[in-house]
Amino acid sequence: MKFSFPLMALGLEVTMIVLFALFVEYEMDPIVIKQTNATKLPKSERFLQLYPLFQDVHVMIFVGFGFLMTFLKKYGFSSVGINLFVAALGLQWGIIVQGILHSRGQKIQIGIKSMINADFSTATVLISFGAVLGKTSPIQMLVMTILEIAAFAGNEYLVGEIFQASDIGASMTIHAFGAYFGLAVAGILYRSGLRKRHKNEESVYYSDLFAMIGTLFLWIFWPSFNSAIAEPGNKQNRAAIHTYLSLAACVLTAYAFSSLVTHRGKLNMVHIQNATLAGGVAVGTCADMDIGPFVAMIIGSTAGVVSVLGYKFLTPFFAAKLRIHDTCGVHNLHGLPGVIGGLASIVVIVMGKSKQSTIAMQAAALGSSIGTAVVGGLLTGTY
Amino acid sequence: MKFSFPLMALGLEVTMIVLFALFVEYEMDPIVIKQTNATKLPKSERFLQLYPLFQDVHVMIFVGFGFLMTFLKKYGFSSVGINLFVAALGLQWGIIVQGILHSRGQKIQIGIKSMINADFSTATVLISFGAVLGKTSPIQMLVMTILEIAAFAGNEYLVGEIFQASDIGASMTIHAFGAYFGLAVAGILYRSGLRKRHKNEESVYYSDLFAMIGTLFLWIFWPSFNSAIAEPGNKQNRAAIHTYLSLAACVLTAYAFSSLVTHRGKLNMVHIQNATLAGGVAVGTCADMDIGPFVAMIIGSTAGVVSVLGYKFLTPFFAAKLRIHDTCGVHNLHGLPGVIGGLASIVVIVMGKSKQSTIAMQAAALGSSIGTAVVGGLLTGTY
Amino acid sequence: MKFSFPLMALGLEVTMIVLFALFVEYEMDPIVIKQTNATKLPKSERFLQLYPLFQDVHVMIFVGFGFLMTFLKKYGFSSVGINLFVAALGLQWGIIVQGILHSRGQKIQIGIKSMINADFSTATVLISFGAVLGKTSPIQMLVMTILEIAAFAGNEYLVGEIFQASDIGASMTIHAFGAYFGLAVAGILYRSGLRKRHKNEESVYYSDLFAMIGTLFLWIFWPSFNSAIAEPGNKQNRAAIHTYLSLAACVLTAYAFSSLVTHRGKLNMVHIQNATLAGGVAVGTCADMDIGPFVAMIIGSTAGVVSVLGYKFLTPFFAAKLRIHDTCGVHNLHGLPGVIGGLASIVVIVMGKSKQSTIAMQAAALGSSIGTAVVGGLLTGTY
């Protein structure tokens, strides 16, 4: 029993090293392959272009997600600690599975862009972790990391390559996916005893401040998350601007509704820590489209409202009626706003504001992301 | 009563969305306008150039200012929480008022540079917030955000466009302005009961560590604050170097004087958290001038000394004699060092070391910044 | 007695200002010197290229090292506070001593690259500080800063210019050097009373979370540490990729071995906070070599194992038998992994995978780094 976690961890790391030795090589410098693709930049310039965005995303994954979950007094250290472990394992595995799907039988090429995508792939597991925090052992997290990232990479390939859908900030493929996967696992793991353990879910003064470290670094760097792999130029520019504005608008509506639904008009800390981020999730799918700055603000405002109402009404309902206990409320921060993101892209296309994708393909992407997540989560939870 | 804060917040957000819908559009790509301005870079390169600096400033505004004020045990969460709210509202409003003043009747163009400037505009309110912390309601902060940013944008336009004065790091237009605005409001809000509430102003062990998160992120990214909108090349290079050196020199003199003025030679935590940053404020005005590295260190050293002496002698004097209660001591961190910054630029010009501006214009900029701030603060406080 | 620290600090700052006034000037713009060196980029592009990497390193030095040592409840504030003081003094002094050695009789030129190198030079003292934390006064730290950075710059010149050895991530010249210097000082300062003071070395719940802030920012930005001054293009790209992978692999083996050697299979927080970083140290020397991604993972995995075993077995042995009390266990985080880094480079050259240096020169670099550190540390400790 004592040895199962360390042996599995070591076994996985040895497996990763063998897989990397067999299948991974450095990205070729486009100077060498200039003939076939003249528009690509030399490696030193691509490094310059992508590296600062990579580091912003890296901070979000390890500090942002890690500290966001520290608000529960009892789980503070284990959230940061398991977050680091899951992400370190997940990024290695993400390079392999994403690489296999995108390399078309060639060797997997690793570069700064694949590091960004690998970090992205870990985000799905970290989101799901928020739903099952306090219900899983380290070994279960390890299994979930392997299974969820494989399912994520499959769905992402479907959405991006087969449907050719547009989801630059991954509202559907990361946020909605991660949330519904986690909820499905949480549903399987439900035990009636969980209700009594509510006292572990209290926050104390300083645990709320630690959680704000996570919130703020996610909030600050979210424009990088949504623009990191966007096409340089107008699209990347817009993705950063839209996310900046959507998040700012979201803060105002989240604070307003938090005050409205809380006893005596006070602000609820859980809303401030979580719902203020919903605008970053919801604007993701449309982030690089030519929607106009104010539309990004409308999307963000809506997400802030929906997220607060979710914490107030949906989370208790899920726990009491559906027997799904969502520890950190990821459904309100990632699930609903992710769905809003997908729906917003459909509205934008209906209104003729973007031709990057079609209604059918965006709807397929949303359905596929939620469907794969639920099925994958149920299977993982049963295991 | 309960509904006034949420309704005002929602009303303001709706107003912002309408203003953005009517007046704001994306920055045009200079490729399109190449004919008229051949020196501008294409958008993808400007993104590359400005985006990392924007993110550094963004961290300062939300994590730096937010956590700097957590040292007061009782106000920890409300400082971080209101900081986020004020900055999210302020940046939207900043884009509008700065845009109106600089767009010459055209539509307001939004890009990464306007996001940096919008973040800057929120800094003035966050500085003033440090003077009134514990004395204001969220609604008062909301009103102050709207009024102060309008006053700031007006003064900045006067200083930059009419006087053509030089203040690249905004020592005068942001730091001195924000401090004297806040002090004027604090003077109006003074109630004798505030003296008794001193027990809320105690720090505890861990609140001092939280405050150091704010201090350090401000300290680290200050070179970006002072160089973000400087002219690329020599000027931007110098702005970063000078700020780096000024802050390093400031730490040594602040520690030395903290030990000198504190009982038994101990270090005072408030000095370490605040006075170590005075060098970043004071070097701001001259940051891009060709003053020589050692002059930046002299400016920083001086600011460290003045700031510690301010905390030791001026703050108690202000509270007791002038009936101005400066909760976080912003006069010592932003007010005095901002004035030093303006004066330093005059000395530099007198000594013939820079021709970027004239003595008269720098003096006018300093006077206008303090004057507008005091008048604006008195009016805001009376409201 | 009370005046000795402030007077020394002020005296040193005045000395620094005089030295900068006499010997330091701005880096010349290569546009001016284009004739002699056509490959150099204009200053605005070099700023763009180096500045984001500089800021990442800057965060590591001030937030990373500062908070990493806060896990000891009693020393939390003094570690962050003295860390800031030592680094602010050290970076000014580092510019001078590194500048003198590399300027060949010319004036010292300051630019973003010298700021990165100055930050690097302070890392040696901050590492040594971890070994002597709780045993030294601020005055002793001040003396140690001056002496250690001088010794570091001398050894680095020997390794880089005379031996022409390869050590891009400074595993030997910074990490091993800093650790053995600190251990030598700690050996001299050993007093039997230190054993009884073990109760100061307890951590509490929230101090462990503060320490994780340090751990995570070091972990996240380590790819920048190892690639900041690498040659742009393939080498810089590889340095970032290798460090990213080595650290991820290190997390898995460190967690596995922590669970193996801890009572009932639990994870030990000191291991999580420290041993997870050993992979960044160990991969440093080979980071820019063409070793293949999986070799970086092997180096990182090995470092994680060695580091945990060092905490478990070597640190108690050092304290009990060698009378060296290593407060933060820097030998396990920087010393041993630094030696692994040097040895790995020798293995890589033996296997014919890199021609950047020779076996003899790498061995000389490792020996010189450890030798200079031990002799310098013993002399400093005796003083």
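Same order as they appear, the protein sequences are chains A, B and C. Here this note's numbering is used: the first residue of the first sequence is 1, the next is one more, and so on. Here this note's numbering is used: the first residue of the second sequence is 384, the next is one more, and so on. Here this note's numbering is used: the first residue of the third sequence is 767, the next is one more, and so on. A virtual CB, placed ideally from N, CA and C, is assigned to each residue, including glycine.
Residues bridged to residue i [DSSP beta-bridge criterion]
i	result
residue 493/B	409/B
Cβ-Cβ distance between residue i and residue j below 9 Å
i	j	result
residue 517/B	residue 455/B	yes
residue 947/C	residue 994/C	no
residue 662/B	residue 684/B	yes
residue 771/C	residue 639/B	yes
residue 1033/C	residue 81/A	yes
residue 500/B	residue 477/B	yes
residue 221/A	residue 338/A	no
residue 372/B	residue 791/C	Because chain B in this structure spans residues 384 to 766, residue 372/B falls outside the shown range and cannot be described.
residue 979/C	residue 86/A	no
residue 529/B	residue 562/B	no
Under 7 Å by beta carbon: chain C residues contacting residue i
i	result
residue 57/A	Simply none; closest approach about 10 Å.
residue 554/B	Correct list: empty, because the minimum Cβ distance to chain C is about 20 Å.
residue 9/A	1018, 1021 and 1022
Span separating the alpha-carbon of residue i from that of residue j
i	j	result
residue 782/C	residue 855/C	9 Å
residue 700/B	residue 692/B	12 Å
residue 247/A	residue 129/A	23 Å
residue 58/A	residue 218/A	10 Å
residue 664/B	residue 717/B	7 Å
residue 67/A	residue 208/A	10 Å
residue 160/A	residue 283/A	18 Å
residue 327/A	residue 104/A	40 Å
residue 615/B	residue 678/B	22 Å
residue 982/C	residue 99/A	27 Å
residue 50/A	residue 390/B	42 Å
residue 703/B	residue 712/B	14 Å
residue 494/B	residue 55/A	22 Å
residue 343/B	residue 505/B	Here chain B has residues from 384 to 766 only, and residue 343/B is not among them.
residue 1140/C	residue 645/B	37 Å
residue 1036/C	residue 1142/C	28 Å
residue 379/A	residue 1064/C	33 Å
residue 689/B	residue 13/A	56 Å
residue 453/B	residue 1040/C	27 Å
residue 608/B	residue 627/B	11 Å
residue 879/C	residue 1002/C	15 Å
Per-residue contacts from residue i into chain B (C-beta, under 8 Å)
i	result
residue 924/C	In chain order: nothing, as chain B lies at least about 27 Å away.
residue 42/A	Those within 8 Å of residue 42/A in chain B number zero; the least Cβ separation is about 14 Å.
residue 52/A	434, 435 and 438
residue 956/C	Residues of chain B passing the Cβ test: none, with the nearest at roughly 26 Å.
residue 836/C	592
residue 832/C	595 and 599
Under 8 Å by beta carbon: chain C residues contacting residue i
i	result
residue 602/B	828 and 850
residue 206/A	972
Residues that residue i contacts on chain A, provided the C-beta gap is smaller than 7 Å
i	result
residue 999/C	43 and 44
residue 1059/C	20, 24 and 110
Contacts of residue i in chain B (Cβ-Cβ under 9 Å)
i	result
residue 297/A	396, 399, 400, 403, 404 and 475
residue 991/C	Simply none; closest approach about 15 Å.
residue 1119/C	Neighbours of residue 1119/C on chain B: none; closest Cβ ~34 Å, over 9 Å.
Partner residues on chain C for residue i, Cβ-Cβ distance less than 9 Å
i	result
residue 611/B	In chain order: nothing, as chain C lies at least about 11 Å away.
residue 81/A	978, 1021, 1033, 1035 and 1038
Chain A residues whose Cβ lies nearer than 9 Å to that of residue i
i	result
residue 875/C	Near residue 875/C there are no residues of chain A at all, since even the closest Cβ is about 23 Å away, more than 9 Å.
- [ ] Kindly confirm or deny that the segment 625–637 of chain B and the segment 426–440 of chain B touch, where touching means at least three C-beta pairs closer than 8 Å.
- [x] no
Task: Inter-stretch contact at 8 Å, needing at least 3 Cβ pairs: the segment 724–739 of chain B / the segment 548–559 of chain B - done: yes
- [ ] With 7 Å as the limit, tell me which residues of the segment 1073–1095 of chain C have their beta carbon closer than that to any beta carbon of chain D; keep them in chain order.
- [x] Going by chain labels, chain D is absent from the structure shown, which instead holds the protein chains A, B and C.
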